[in-house]
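Working notes, structure below.
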């Protein structure tokens, strides 16, 4: 710019006009003004250009600053998002690790528990098998003490026995002996069922073998003797924990006179004659057990019933397992009228096996889905 001014000024180097040469001076002056204005315009343009350039520069700087600021914000936001994602991923990772550790620990605990339970199951099954084998063998011992049914049928050909223990062994049992012209049959229900009942029934059977002899003609005396012996054997004289006793019916049949002598302790008998049932009740107290009144033991005297029987009569002896079975429409025990109706209809059935099948079906129909509640024993026979 300075170089240009010098060039312009060089053009004005001219002789000073002489006096009177006013036209030349005017021309010089006009030229000066023209060149001055030209220079000023150039300066203004230059300044304007500079200002415009500075404005554009500043504008560009501001735009760049804004752009850089936006980029920095975006970058910071991306960094923040990345950090958040990394933090979330770390949290997810440790959560997954924690979950895996918990699962592994749980699996270890479950496996150890399973192994322990499996070992215990094996031990329990082994013990159960041993117990079952012992009880099964006990059943063989118990059955060995029962009289042979064929030997009873040799005296009473029509006899049948419906015997269904609730468990493997039973608290119910039957007993028989023949002395010349007399036969003695007992139908017994010892307290309880299962192993305790079977143990007590064994004691009862052995006691009857000891007590009943050829001189035993009165069933009530047999019951009184049994009562005394059970109280003595189980030490029940002054009370105690063992209050076990027997509910039983006992019949002595005189084959020469066709008379039946019956005594019962809580268990009676039923005789079906001409499709009509006659029930003979028992005394209220069982044989054995603790029974006191005003602090003193109750003296038990049992009654003997003398009954004339005929060849077509059916005599039924029984425990309470069939009658007291829960069932029917109301889930209640059977009443005695229903039971006697079953016995009456049973008397018209011919074959022994069919009689047992009828009783089995009747009990099943009555019981329905209910569990068995007790041992069942029914003895039926005719005197020929």
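Numbering (the working numbering), first residue to last: 4 to 387.
All residues carry an ideal CB built from backbone N, CA and C; glycine is no exception.
Alpha-carbon to alpha-carbon, residue 333 and residue 264 = 38 Å
task = Mind reading off the beta-carbon distance from residue 178 to residue 191? Whole number of angstroms is fine, and I expect it under 8 Å.
result = 7 Å
request  = Please report how far the alpha carbon of residue 180 lies from the alpha carbon of residue 286, in whole angstroms.
outcome  = 23 Å
query = Opposite residue 299 in the DSSP bridges: which residues?
reply = 296
key: Residue from 354, 341, 256 with nearest C-alpha to residue 310   = 256
request  = Could you round the C-beta distance between residue 410 and residue 384 to whole angstroms and report it? I think they count as a contact, below 8 Å.
outcome  = Residue 410 cannot be examined here, being either before or after the span of the chain that is shown, 4 to 387.
request  = Could you say which of 215, 165, 251, 238 lies nearest to residue 3 if we only look at CA atoms?
outcome  = What the structure shows of the chain is the stretch from 4 to 387, and residue 3 is not part of that stretch, so it cannot be assessed.
message = Considering only their Cβ atoms, is the gap separating residue 259 from residue 186 smaller than 9 Å?
response = no
query = Under 9 Å between the Cβ atoms of residue 3 and residue 206?
reply = Nothing can be reported for residue 3: it is not among the residues displayed for the chain, which extend from 4 to 387.
ask   = From the DSSP output, which residues share a beta bridge with residue 356?
value = According to DSSP, residue 356 bridges with nothing at all.
request  = Check residue 320 in the structure and name its three-state DSSP category.
outcome  = strand
ask   = Touch check for the stretch 273–289 and the stretch 300–310: three-plus C-beta pairs under 8 Å?
value = yes
ask   = Who pairs with residue 158 in a beta bridge, going by DSSP?
value = Its beta-bridge partners do not exist; DSSP assigns none.
message = Between which two residues does the alpha helix (DSSP H) holding residue 212 run?
response = 197–214
request  = Could you spell out where the beta strand (DSSP E) holding residue 181 opens and where it closes?
outcome  = 175–182
task = Scan the stretch 254–290 and note each continuous beta strand (DSSP E) run of 3 residues or more that stays entirely inside, going in chain order.
result = 262–268, 272–276, 279–283
request  = Could you please give the first and the last residue of the uninterrupted beta strand (DSSP E) stretch that includes residue 169?
outcome  = Residue 169 -> no beta strand (DSSP E), and no H or E assigned at all.
request  = Measure the C-alpha to C-alpha separation of residue 111 and residue 372 and round it to an integer number of angstroms.
outcome  = 42 Å
ask   = So, do the stretch 354–362 and the stretch 163–171 have three or more beta carbon pairs nearer to each other than 8 Å?
value = yes
ask   = Below 9 Å between beta carbons: does that hold for residue 361 and residue 348?
value = yes
Residue 378 to residue 324 span [Cα, whole Å] = 5 Å
key: Burial state of residue 298, where buried means 16 or more other Cβ atoms lie within 10 Å   = exposed
task = Pick out whichever of 268, 29, 261, 83 has its Cα sitting closest to the Cα of residue 224.
result = 268
task = Could you spell out the range, first to last residue, of the beta strand (DSSP E) harbouring residue 245?
result = First-last for residue 245: undefined, no H or E at that position.
ask   = In whole angstroms, what is the alpha-carbon distance linking residue 370 and residue 114?
value = 43 Å
ask   = Enumerated in chain order, which unbroken segments of the beta strand (DSSP E) with a length of 3 residues or greater are wholly contained in the stretch 65–96?
value = none
Under the three-state DSSP convention, the category residue 100 falls into = helix
query = What residue range is occupied by the uninterrupted beta strand (DSSP E) comprising residue 186?
reply = 185–193
ask   = Between which two residues does the alpha helix (DSSP H) carrying residue 233 extend?
value = 222–236
key: Beta-ladder partner(s) of residue 330, from DSSP   = 335
inquiry  = Given this structure, state the Cα-to-Cα distance separating residue 229 from residue 219, to the nearest angstrom.
reply    = 12 Å
Integer-rounded CB distance, given that residue 233 should sit under 8 Å from residue 248 = 7 Å
ask   = How is the beta strand (DSSP E) around residue 309 delimited, first residue to last?
value = 308–311
request  = For residue 270, count neighbouring C-beta atoms within 10 Å of its own C-beta (all shown protein chains included) and say buried if the count is 16 or more, exposed if not.
outcome  = buried
query = Would residue 173 pass as a contact of residue 147 if the rule is Cβ separation under 9 Å?
reply = no
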